[in-house]
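Engineer: Protein chains in written order, with our numbering: chain A, 170 to 285; chain B, -12 to 99.
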Amino acid sequence: QQQVKQSPQSLIVQKGGIPIINCAYENTAFDYFPWYQQFPGKGPALLIAIRPDVSEKKEGRFTISFNKSAKQFSLHIMDSQPGDSATYFCAASDRESGGGADGLTFGKGTHLIIQP
Amino acid sequence: KAGVTQTPRYLIKTRGQQVTLSCSPISGHRSVSWYQQTPGQGLQFLFEYFSETQRNKGNFPGRFSGRQFSNSRSEMNVSTLELGDSALYLCASSLDLSSEQYFGPGTRLTVT
């Protein structure tokens, strides 16, 4: 059972555009929602995270929007650059900021390409 | 502060063999989690250790095991390797059980 559904699988955006990656979850016990960025040959790097008590969080060019009633959250990348080309994973857990009883539950990932 | 280190980075094993992977967490971090990453299944939780005790375990067979030492370093072991065990094995380090997880570069295991 896939508890976190991520879309789209792949995304191509022109430089300067705003790619949007969406995730939906089923488990209402989830209370921590991080996004990770992974480059080829590297481990996932924590990008930004949100808790359900806020609807939006910004860190630099990255913004998370969170809709608790719809059980959905999304990542927006402002003024995207070719260096942002990577695979992005959303995740969720039920233990504050940590892994939760079942660790972090990850979406399947979005392969993002920013064209120059 | 140095990040999470994993050794070896690459490993090739034959079916039926066993393998041990090592993870050194960020200095001061006491919790280590392990994940398996494959193209088909994505990132899946294996287990989590804190203070030398396994706190949680994912849905993997008993061939997958691990341990944590008093210095918080962790090892995971896979016995009787199968072709389907080929994957990137990732270790994540966190200060404690309720803190952000930071991943290492992973160990790429290929089973032939």
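Even for Gly, the Cβ is constructed at its ideal location relative to N, Cα and C.
Give the residues of chain B in contact with residue 261/A, contact being defined as C-beta atoms less than 9 Å apart.
Structural biologist: What residue 261/A touches in chain B: nothing, since even the nearest Cβ is about 12 Å away.
Engineer: Going along chain B in order, which residues have a C-beta closer than 9 Å to the C-beta of residue 220/A?
Structural biologist: By Cβ distance, chain B contributes nothing, its closest Cβ being about 12 Å from residue 220/A, past 9 Å.
Engineer: Taking only beta-carbon atoms, is residue 185/A less than 8 Å away from chain B?
Structural biologist: Not closer than 8 Å to any Cβ of chain B, the Cβ of residue 185/A fails to qualify, so no.
Engineer: Can you tell me which residues form a DSSP beta bridge with residue 41/B?
Structural biologist: 36/B
Engineer: Taking Cβ positions only, does residue 237/A come closer than 8 Å to chain B?
Structural biologist: It does not: the Cβ of residue 237/A has no partner Cβ on chain B nearer than 8 Å.
Engineer: Is DSSP giving residue 203/A helix, strand or coil here?
Structural biologist: Residue 203/A falls in the strand class under three-state DSSP.
Engineer: So, at 7 Å on beta carbons, what are the nonlocal neighbours of residue 23/B in its own chain, with the 5 sequence-adjacent residues on each side left out?
Structural biologist: For residue 23/B, where only same-chain residues beyond five positions count, the Cβ hits under 7 Å are 31, 33, 74, 76.
Engineer: Cβ of residue 174/A less than 8 Å from any chain B Cβ?
Structural biologist: no
Engineer: Could you tell me the boundaries of the beta strand (DSSP E) in which residue 57/B lies?
Structural biologist: Counting along the chain, residue 57/B falls outside any beta strand (DSSP E), and DSSP gives it neither H nor E.
Engineer: Taking Cβ-Cβ distances shorter than 7 Å, what residues in chain B pair up with residue 231/A?
Structural biologist: In chain order: nothing, as chain B lies at least about 15 Å away.
Engineer: Using the beta-carbon count (16 or more within 10 Å), is residue 238/A buried or exposed?
Structural biologist: exposed
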